[in-house]
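Novice: Numbering (mature numbering (1 follows the signal peptide of the UniProt record, and there is no 0)), first residue to last: -25 to -1, 1 to 237. Note that CB positions come from ideal geometry on N, CA and C, so glycine has one too. Given the structure is predicted, the values throughout are model-derived calculations rather than measurements.
(1) Please classify residue 120 as buried or exposed, where buried requires at least 16 other C-beta atoms within 10 Å of its C-beta.
(2) Give the straight-line distance between the Cα atoms of residue 138 and residue 100, rounded to the nearest whole angstrom.
(3) Could you tell me whether the stretch 84 to 91 touches the stretch 193 to 209, where touching means 3 or more Cβ pairs closer than 8 Å?
(4) In terms of residue numbering, what span does the beta strand (DSSP E) encompassing residue 229 cover?
(5) Alpha carbon to alpha carbon, what distance is there between residue 37 and residue 74?
(6) Quick one: which unbroken alpha helix (DSSP H) runs of 4-plus residues sit fully inside the stretch 66 to 153? Chain order, please.
(7) Throw me the rounded Cβ distance for the residue 220 and residue 230 pair, which I believe falls under 8 Å.
(8) Report the partner residues of residue 24 according to the DSSP bridge assignment.
(9) Have a look at 40, 8, 7 and 3 and flag the residue whose alpha-carbon is nearest the alpha-carbon of residue 14.
(10) State the CB to CB distance for the pair residue 187 and residue 98, rounded to an integer number of angstroms; the pair is presumed to be in contact (CB under 8 Å).
(11) Would you mind stating whether residue 109 and residue 184 have Cβ atoms separated by less than 8 Å?
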């Protein structure tokens, strides 16, 4: 009798404890029910996020946020975030999703969950269409400008130790060497090459070969398995149909590689 009563009381207490636990605010069904998804994006990290002449947010991450809201069939509540508050805003339930050119690290993964990568920064060798290169082994007489001691300097030296590499104090000086004709190629980040071409239509900095990719991930609250699965499915299909690669080409100037899931 008492054992049976104890089981009943224990079951009731457990049920009450479960019902008292806060719901996972960012999970898929709650977003669909509310009709709104809260997505944080940067506006100080071009080309991922910035403001245009009309003071409207634009960029790769902004486009990604809009496409996700459209695919979910809900209203988008776009919030400006910074590198410092993007994780805290998720942890404190101020946001459902963060799309902010964020890299995945073990430390961050203790606090939030990451999707598969949706975009990637890259460093490589860039130059005009008139120079045909597909790999570091193709470098012959061309001179490559690079900022001394940077990742691109280290990776290029490792990949092509016999190449004609001219090192400068910083990226701006290396870029100036390229635009002035002191070098035929420039080793830099894809976003830098795109920015230089946007500022001067005469500059041709097309990707010749990539030295290293740095994937970007979407962050969500931990304990949101349905939303995580949905976002991973969305990213997977975007990789298959080329839409995410087109987004990268639009904003960064390079297409996406085949990125492995996290």
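Specialist: Put simply:
(1) As a position in the chain shown, residue 120 is number 145, starting the count at 1. Residue 120 is buried by the Cβ-count criterion.
(2) One-based indexing of the chain shown puts residue 138 at position 163. One-based indexing of the chain shown puts residue 100 at position 125. Going from the Cα of residue 138 to the Cα of residue 100 covers about 12 Å.
(3) Yes: the two stretches touch, three or more of their Cβ pairs being nearer than 8 Å.
(4) Counted from its first residue, the chain shown places residue 229 at position 254. Counting along the chain, no beta strand (DSSP E) covers residue 229, and no H or E run does either.
(5) Taking the chain shown and counting its residues from 1, one reaches residue 74 at position 99. Taking the chain shown and counting its residues from 1, one reaches residue 37 at position 62. Distance between the alpha carbons of residue 74 and residue 37: 8 Å.
(6) Listed in chain order, they are 81 to 84 and 126 to 134.
(7) Here residue 220 is taken as the residue at index 245 of the chain shown, counted from 1. Here residue 230 is taken as the residue at index 255 of the chain shown, counted from 1. Right, the Cβ-Cβ distance comes to about 5 Å (below 8 Å), so this counts as a contact.
(8) Translated into positions along the chain shown, residue 24 becomes position 49. Per DSSP, 20.
(9) Taking the chain shown and counting its residues from 1, one reaches residue 14 at position 39. For residue 14, the closest of 40, 8, 7 and 3 by C-alpha to C-alpha distance is 40.
(10) Counting from one through the chain shown, the residue named residue 187 turns up at place 212. Counting from one through the chain shown, the residue named residue 98 turns up at place 123. Right, the Cβ-Cβ distance comes to about 5 Å (below 8 Å), so this counts as a contact.
(11) Position 134 of the chain shown, counted from the start, is the residue given in the question as residue 109. Position 209 of the chain shown, counted from the start, is the residue given in the question as residue 184. A Cβ-Cβ contact shorter than 8 Å links residue 109 with residue 184.
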